[in-house]
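First up is the structure itself, then whatever we jot down about it.
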Amino acid sequence: MQIDDVIADRYELIGLVGSGGMSTVYCARDRLLDRQVALKLLHDHYAADSEYVERFRREARSVARLSHPNIVTVIDRGEDGDKQFIVFEYVEGENLKQLIEDSGALELRRALEIAIDCADALAFAHANGLVHRDVKPQNVLIDVEGRIKVTDFGIARSLEVEVGVTQTGTVMGTSSYLSPEQARGRAVTASSDIYSLGVVLWELLTGEVPFDGDNFVAVALRHINEQPPSLIERRPDAPPRLATAVERALGKEPEDRFPTMAAFAEELRRCLEDLDRPTDAQDTLVGVPAAAPAAGPVPVTARARSRARTARGPILLVVVALVAVGAIVAGLLSLGGGGSGGRSPSSGSGSGAGGPVTLSAVGNYDPDGDPDSHADTASAATDGDSSTTWYTQIYATPQFGGLKHGLGLVVDAGGSTKLTQLTVQTPTPGFQAEVEAGDSASGPFSPDSSTQPVSGSTTFSLNGKEARYYVVWITQLPPGGKAEIAEVTAKR
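Going by my numbering, the residue at position 264 of the sequence shown is 248; the numbering climbs one at a time, nothing skipped.
If you want it as structure tokens, here you go:
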């Protein structure tokens, strides 16, 4: 193809953006809408191969359903004679690899912000049944305003891909970011993207990849057989918690990594929050996360535990001493607690009439199927920390095509009770919701309040149904298309 050629009588090629193993990307002008777009053309020698053509078409179909602020949007797909093409939004800026080559290792905060945006995008793709399989800095775009966009799902694989399209035993991906199971030619899962993003984050923090070599095979073997170098040694200012998170993402076996991309994103958010803590406060977090992600605390590896013992021993001893003193004080207070038996009025669902009830968020309620990936963040809605949130944005109210009629966050009251009110705190005001009640976390539920808009801190007056489980049932998303819940509290 030449500059000024026109594809499908509509897209005029105006510049070459880049070329990869399967396709070439051009900047083009959409003559119909008079705007710039990115046009990807499948290489001619692949256009004659039905498997590659199907993979190319599948990319367009798959990515077209991913409406997320950190994923490049698909605009069109088609054929012009024997040429297969996909049209994307045009992102003016640079890719992440160019940024690293120009700047070297990034400042801690910026590296974490980029990794979190990438993790959110990939978690969204996973929720829609799509594994990227080629996560690398070249496939992360940064627009002129600094926004992150993940692109090039060209070798993406559906979690339920048709037999024959992409088989186990085929090694696909870029060697520097290849997961061990990909290097072995084994089945690829969402955990493979976690590993690759861990490599990207390593590179953001150090300016280099953890494994390099003279050729594809040499690098692939290192991913399989070698542990990554110590991040702390390469980046001494990296907090131990961040080093542990990266080390976990780079686990050789999928089960050694974070259970989901959403859990990885949540732990990275915790690491970002810790950057604002005083240094002494960060020191006490070695191996003892202040607020673990929904999937559970990050395990302390042998290497991290050894560093904690040698470098942080005195601080940890002080923490242990303070905990012991706290336990003694609590015991004395319980002895003097009068007729209450030492139990605080707000200690749980057994509190008296009119008192607060301790809730525990347990997941999502989605009667239309296809559960939302952000169920992994549910516990953030009852952790007592309003800076952490559960959120949903994949279901479709009318403005998204009417795919679902709602989605809810399920909370457990700890036992059968009659709540009189339930309060929802949110940083994304403007969504519509009601409270429903039921005897099972999986439903069914019946309405226990009227539907009302949620903004800031909103209290629902309940009808007093007796139930153990309650669901904040969201029927309409806010203007931004993403509903978040920071905290849910309740009273009898």
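All C-beta atoms in this analysis are idealised placements derived from N, C-alpha and C, irrespective of residue type, glycine included.
Bear in mind the structure is a predicted one, so any value in this text is a computation, not a measurement.
Endpoints, beta strand (DSSP E) assigned at residue i
| i | result |
| --- | --- |
| Gln122 | Note, Gln122: premise wrong, no beta strand (DSSP E); not H, not E. |
| Pro437 | Gln436 to Val438 |
| Lys133 | Ile132 to Val134 |
| Leu(-3) | Tyr(-5) to Ser3 |
| Gln211 | No beta strand (DSSP E) holds Gln211; DSSP gives it neither H nor E. |
| Tyr375 | Trp374 to Thr376 |
| Arg477 | Lying before the first or after the last residue shown, residue 477 is absent from the chain, which here runs from -15 to 476. |
| Val456 | Glu450 to Gln460 |
| Gln82 | Per DSSP, Gln82 belongs to no beta strand (DSSP E); it is in the alpha helix (DSSP H), Leu80 to Ser87. |
| Phe429 | Run containing Phe429: none; DSSP gives neither H nor E here. |
| Asp396 | Leu391 to Lys402 |
| Ser445 | Ser441 to Ser445 |
| Leu406 | Gln405 to Gln409 |
| Arg19 | Arg19 to Leu26 |
| Ala417 | Phe415 to Gly422 |
| Val472 | Glu471 to Lys475 |
| Thr190 | No beta strand (DSSP E) contains Thr190, which is instead part of the alpha helix (DSSP H) from Ala174 to Thr190. |
| Thr8 | Ser7 to Asp14 |
Reference residue i; option with closest CA among the options
| i | options | result |
| --- | --- | --- |
| Phe248 | Arg219, Ser180, Ile208 and Val193 | Ser180 |
| Tyr375 | Gly448, Trp457, Ser434 and Ala425 | Trp457 |
| Pro431 | Ala417, Thr443 and Thr442 | Ala417 |
| Thr372 | Arg254, Ile178, Glu239 and Glu129 | Arg254 |
| Gly422 | Trp186, Ala171, Phe72 and Leu393 | Leu393 |
| Pro340 | Ala365, Thr404, Ile(-9) and Gly347 | Thr404 |
| Lys449 | Gln460, Gly440, Val438 and Ser433 | Ser433 |
| Glu239 | Ser175, Gly191 and Ile208 | Ser175 |
| Gly338 | Gly368, Thr401 and Asp396 | Thr401 |
| Pro213 | Arg225, Trp186 and Leu391 | Trp186 |
| Asn54 | Gly191, Thr407, Leu125 and Ala474 | Leu125 |
| Ser87 | Ala31, Glu192 and Asp(-12) | Glu192 |
| Asp64 | Leu17, Leu50, Glu(-4) and Gly465 | Glu(-4) |
| Phe415 | Arg45, Val71, Asp369 and Gly440 | Gly440 |
| Glu91 | Asp360, Asn123 and Asp221 | Asp221 |
| Met6 | Gln20, Arg39 and Arg19 | Arg39 |
Inter-residue Cα distance where the pair is residue i and residue j
| i | j | result |
| --- | --- | --- |
| Ala311 | Thr342 | Residue confidence for Ala311 is low, a pLDDT of 41 falling below 50, so the modelled location carries little weight; the figure read from the coordinates is stated next. Distance between the alpha carbons of Ala311 and Thr342: 22 Å. |
| Pro462 | Tyr349 | 19 Å |
| Gln211 | Gly235 | 8 Å |
| Gly2 | Thr8 | 6 Å |
| Asp258 | Thr244 | 22 Å |
| Arg476 | Glu420 | 15 Å |
| Arg218 | Asn199 | 24 Å |
| Gly197 | Leu0 | 30 Å |
| Ala477 | Tyr161 | The requested residue 477 is not part of the displayed model; the chain covers only -15 to 476. |
| Asp396 | Leu80 | 42 Å |
| Thr442 | Gln460 | 16 Å |
| Met(-15) | Arg261 | 54 Å |
| Asn447 | Tyr453 | 14 Å |
| Asp(-12) | Asn209 | 49 Å |
| Pro224 | Ala202 | 30 Å |
| Tyr30 | Thr135 | 20 Å |
| Ala89 | Arg41 | 37 Å |
| Thr473 | Val455 | 12 Å |
| Gly465 | Ser51 | 10 Å |
| Asp66 | Thr435 | 54 Å |
| Ser34 | Asp28 | 12 Å |
| Gly399 | Ile70 | 53 Å |
| Ala111 | Arg49 | 11 Å |
Within 7 Å, strictly: CB atoms of residue i and residue j
| i | j | result |
| --- | --- | --- |
| Gly522 | Asp127 | With the chain represented from -15 up to 476, any question about residue 522 goes unanswered, as that position is not in the structure. |
| Gly169 | Val230 | no |
| Ala345 | Gln409 | no |
| Leu23 | Tyr36 | no |
| Phe137 | Glu73 | no |
| Ile178 | Phe242 | yes |
| Ala362 | Leu252 | no |
| His164 | His207 | It should be noted that the sequence gives Pro, not His, for residue 164. Result yes, Cβ atoms of Pro164 and His207 sit closer than 7 Å. |
| Val75 | Val58 | no |
| Ala467 | Thr412 | yes |
| Ala95 | Leu188 | yes |
| Phe101 | Ile132 | Residue identity check: residue 101 is Asp in the sequence provided, not Phe. Yes. Within cutoff. |
| Arg13 | Ile(-2) | yes |
| Leu17 | Arg(-6) | no |
| Pro121 | Val184 | yes |
| Ile216 | Ala227 | yes |
| Leu391 | Phe444 | no |
| Asp360 | Ala246 | yes |
Start-to-end residues for the alpha helix (DSSP H) that takes in residue i
| i | result |
| --- | --- |
| Phe40 | Ser34 to Ala48 |
| Tyr74 | Note, Tyr74: premise wrong, no alpha helix (DSSP H); not H, not E. |
| Val58 | Taken as a continuous stretch (DSSP letters only), Val58 belongs to no alpha helix (DSSP H), being part of the beta strand (DSSP E) at Val58 to Asp64. |
| Ala345 | That residue, Ala345, is in no alpha helix (DSSP H); its beta strand (DSSP E) goes Ser344 to Tyr349. |
Check: residue i C-beta below 6 Å from any heavy atom of the ligand PLP
| i | result |
| --- | --- |
| Asp221 | No copy of the ligand PLP appears in this structure; indeed no ligand is present at all. |
Chain C contact for residue i (CB, 7 Å cutoff)
| i | result |
| --- | --- |
| Asp177 | No chain C appears in this structure, which consists of one protein chain only. |
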